[in-house]
Amino acid sequence: MKKNGKKNGLVICFLIIAVAATVFVTMDGYLPERYNVEAGDICPIDIYATGVITDKLTTEKLRNDARDYVQKQYSFDLEVSDSVEKSIDKTLEIVSELWEKYDDANELSDAEVTSSGIGREDWQVILALSHAELERFSNSCVDAAKDTMKNGLDAETPDEAYAFLSESLNKKNLSQEGRRVAYNFISSLLKPNKIYDEEATKSAKEEAALKVSPVVYQKGEKIIGRGERIDDADYAMMKEMGYIQKTVLSNYITYFGLIAVVLLLFLFCFFFIRKEYEEMTSRWALTAAIVTAYLLMLLILEFFIWQSDFHINLIPVLTTAIVVSILCKEKNAFLLHGLICVVTALSMQGDLSFFLVNAMGGIILISLLHNIRSRTKIFLYCLPVALFEAIIMICWEMMENNVVLDAVINGICMAMGVLLSGIVAMGILPVLEAAFHLLTPFQLLEMTNSEHPLLKRLMTEAPGTYHHSLMVGNLAENAASAIGADSLLTRVGAYYHDVGKLMQPIMFKENQLVDNPHDQLSPEESAKIILQHPDDGVKIAQQYRMPKRLTDFIQQHHGSTATMYFYMQAKEMSPDVEMQAFRYAGPKPQTKEIAVVMLADTVEAAIRTLKDDSDGAMEAFVNKLVDGKLRDGQLIDCDITLSDLEKIKASFINTLKAYYHKRVAYRENVNEN
């Protein structure tokens with residue numbers, strides 16, 4: 005109990021360290037150093053954009069300038085224009101009639117002068133015109149009036165229309181007096197036809213404002229230099245990026261929110277691995293290695309936060325995903341990689357593209373690393389993921405910023421970050437293996453080599469046991485694959501499960517050629533020798549510095565089963581003999597993999613005694629052996645299910661059928677000659 009409590013404490017300590025480090029790094033990246041400055045002060049440092057940021061004040065000023073440049077919009081009242089033109093025509097008709105009738109202005113009656121709208125002095129000029137001059141005068145008046153009304157007359161600014169009329173008449177072939185008379189009578193008939201359109205003006209101003217591109221700073225672009233004066237626009241951007249010191253209460257609220265986010269992330273991860281907490285405590289070294297890899301990733305992230313000269317896409321975000329996917333289950337790798345992606349994105353001020361691209365790349369890479377068997381393949385698997393991330397990042401950047409060169413640079417840096425992840429992972433894996441005595445697929449493969457000193461010794465000193473172990477390994481590996489257990493670990497565990505027999509190899513049936521030494525011993529003495537081989541195996545394994553996960557196979561592969569052969573012999577001699585004296589010390593198998601090796605060991609050893617080699621007899625025999633272990637309670641300490649047992653039986657039967665299939669009897673060749 006004390007030992008379990010100590011392991012629980014270690015795991016909790018590791019988690020607290022991980023949470024604290026995450027909070028520190030996230031705050032350092034997400035919350036930049038703040039300064040107590042105002043607009044108009046001197047900037048204490050160079051300020052760079054922490055992300056894509058818009059200079060809102062400058063943009064709005066430029067848009068206001070564009071709005072002010074737009075002139076007022078008007079609509080024309082065509083009815084007024086027609087009315088004015090008709091009035092001009094009517095007046096000119098009167099002029100024509102009176103010109104025919106009179107030669108001197110004094111001859112006109114007051115009523116005629118009033119009805120014409122032309123003063124008596126002006127009439128004197130008109131009546132002095134020749135017929136051709138009168139026609140030219142009339143046409144000029146009509147044209148000038150039309151042009152003026154077409155240009156428009158605003159009631160608020162009539163002088164502009166009168167000036168336009170004067171300019172138009174100056175272009176006509178009229179005498180100075182003629183232009184004066186024409187101006188006088190036309191201006192008296194003009195009416196405002198130009199109406200201010202408020203909605204059209206507003207729409208035109210907004211259209212002009214929208215044509216102004218926003219002033220945008222890309223991530224890493226310098227906004228204001230050290231020693232420069234901070235204007236309102238600079239201050240607004242600094243405040244938006246978090247460089248301006250807030251109130252104490254605001255700071256606490258920000259810190260609380262960030263800590264809450266980190267805690268929720270860890271709780272989310274724990275929710276999915278809560279069923280494996282017991283395994284985490286029992287394998288505290290693995291937990292420590294994973295936390296170490298995670299902390300190393302945070303350290304790398306902190307380096308990139310402080311060294312702003314490096315492109316953030318170079319961060320080897322996939323390092324932890326690679327390490328964890330090799331050290332333990334895929335699910336744990338997915339969860340931890342997701343956590344790293346979120347923490348990194350937060351530290352980069354919420355960079356969405358960085359988060360999504362790395363998240364997708366990590367999922368692909370973890371899937372590729374499933375059942376990896378060679379260290380060099382880590383880097384090889386990183387190559388397609390690097391290409392994938394580069395393409396996605398280039399497309400994303402082109403979509404967001406429309407700058408091809410920047411997009412290509414970001415994509416290349418993203419690919420280099422993936423490759424750097426592979427290099428870093430390959431570098432730290434051996435360190436973690438050595439520091440925490442971990443068992444990786446690479447070490448397991450090395451231990452399957454027949455040149456391994458312990459296997460070589462087993463081959464020469466106990467050849468029967470060696471052959472038996474190979475057979476058990478094949479049976480167990482197939483069965484482990486069938487139930488989703490670690491097939492490589494199972495095979496290696498099977499290879500070494502009986503190394504304890506090296507202490508006295510001749511005492512075991514498979515190594516006996518003629519005489520059986522047990523014939524000279526009592527059942528109790530024989531049983532003692534047989535029951536001792538798991539403990540002897542553990543001692544030998546420790547001499548060869550074998551990992552604990554393999555020594556567990558050696559110690560647990562018999563569980564607490566009894567050596568029934570010697571027990572029955574002893575019972576024949578003394579009916580009062582206790583079975584407990586003939587049982588292995590255990591413990592019972594604690595994992596699926598060890599349980600599979602126990603069952604495979606039992607089946608492989610017993611199947612040789614089966615005289616009836618038919619398929620039906622073989623199936624019944626395998627079922628009997630497996631069910632016997634279940635009834636004896638040997639499988640209660642591992643998480644193996646009845647469904648798993650059915651799959652194990654089926655796998656054993658298929659493998660044994662392949663070993664012991666009946667061969668076709670071929671007739672000897674007959675020489676027909």
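Sequential numbering from 5 applies to the sequence shown in my numbering.
Backbone N, C-alpha and C fix where the C-beta goes; we use that ideal spot for every residue, glycine too.
task = Report yes if the C-beta distance between residue 382 and residue 294 is below 8 Å; otherwise report no.
result = no
key: Residue range of the beta strand (DSSP E) that includes residue 228   = 226-228
request  = Could you give the DSSP three-state label for residue 495: helix, strand or coil?
outcome  = helix
request  = Taking residue 78 as part of the beta strand (DSSP E), name the residues at either end of that continuous run.
outcome  = 78-80
query = So who's on the other strand from residue 376, going by DSSP bridges?
reply = In the DSSP output, where bridge partners are listed per residue, residue 376 has none listed.
key: Three-state secondary structure assigned by DSSP to residue 252   = Confidence at residue 252 is low in this model, with a pLDDT of 49, below 50, so the placement of that residue should be treated as unreliable; the coordinate-derived value is given next. Three-state result, residue 252: helix.
ask   = Using 8 Å as the threshold, is the segment 256-273 in touch with the segment 300-314, meaning 3 or more CB pairs across them?
value = no
Where residue 587 sits in the DSSP three-state scheme = strand
ask   = How about residue 679 and residue 305: do their beta carbons lie closer than 8 Å?
value = Residue 679 lies beyond the stretch modelled for the chain, which goes from 5 to 677, so this question has no answer here.
task = Can you give me the Cβ contacts of residue 190 inside the same chain, cut-off strictly under 7 Å, excluding the 5 residues immediately before and after it?
result = 92, 145, 148, 149 and 169
key: Coarse secondary structure for residue 53, derived from DSSP in three states   = coil
ask   = Quick one, which of 551, 475 and 76 has its alpha-carbon nearest residue 158's?
value = 76
query = Could you give the distance in angstroms between the alpha-carbon of residue 631 and the alpha-carbon of residue 566?
reply = 16 Å
ask   = Can you name, in chain order, every residue of its own chain whose Cβ lies under 6 Å from the Cβ of residue 26, other than the five neighbours on each side?
value = 266 and 347
ask   = Near residue 450, what residues of its chain come up, given a Cβ to Cβ distance below 8 Å and the 5 sequence neighbours on each side ignored?
value = 456
inquiry  = Let me see if you follow: with CB-CB separation under 8 Å, is residue 305 close to chain B or not?
reply    = Chain labels in this structure do not include chain B; a single protein chain is all it has.
ask   = From the DSSP output, which residues share a beta bridge with residue 243?
value = Paired residue(s): none; residue 243 is not in a bridge.
inquiry  = What residue range does the alpha helix (DSSP H) around residue 661 cover?
reply    = 646-663
inquiry  = Does residue 410 come out as helix, strand or coil in the three-state DSSP assignment?
reply    = helix
query = Just the Cα atoms here: how many angstroms apart are residue 452 and residue 653?
reply = 25 Å
inquiry  = Once the 5 residues before and after residue 432 are set aside, which same chain residues still bring their CB inside 8 Å of it?
reply    = 297, 300, 323 and 327
query = Mind checking residue 276: buried by the 16 CB within 10 Å criterion, or exposed?
reply = exposed
task = Find out if the Cβ-Cβ distance for the pair residue 443, residue 554 is shorter than 8 Å.
result = yes
query = What are the start and end residues of the beta strand (DSSP E) that includes residue 611?
reply = Per DSSP, residue 611 belongs to no beta strand (DSSP E); it is in the alpha helix (DSSP H), 596-611.
ask   = With a CB to CB cut of under 8 Å and the five nearest residues on each side skipped, what residues in its chain are close to residue 627?
value = 653
Residue 220 - partner residues in DSSP beta bridges = 58
message = Per the DSSP calculation, residue 199 is bridged to which residue(s)?
response = 79
query = From residue 345 to residue 476, what distance separates their C-alpha atoms?
reply = 43 Å
key: Distance CB(residue 47)-CB(residue 228) smaller than 8 Å   = yes
task = Leaving aside the five residues before and after residue 215 along the sequence, list all residues of the same chain whose C-beta is less than 8 Å from its C-beta, in chain order.
result = 70
inquiry  = Give me the DSSP bridge partner(s) of residue 233.
reply    = 46
ask   = Run through DSSP, which three-state label would residue 502 get?
value = coil
ask   = residue 79 to residue 203, Cα distance in whole Å?
value = 11 Å
key: DSSP beta-bridge partners of residue 158   = 198
inquiry  = Nearest by alpha-carbon distance to residue 634: which of 514, 602, 498 and 171 is it?
reply    = 602
ask   = With distances taken from CA atoms, which of 419, 67 and 515 is nearest residue 464?
value = 515
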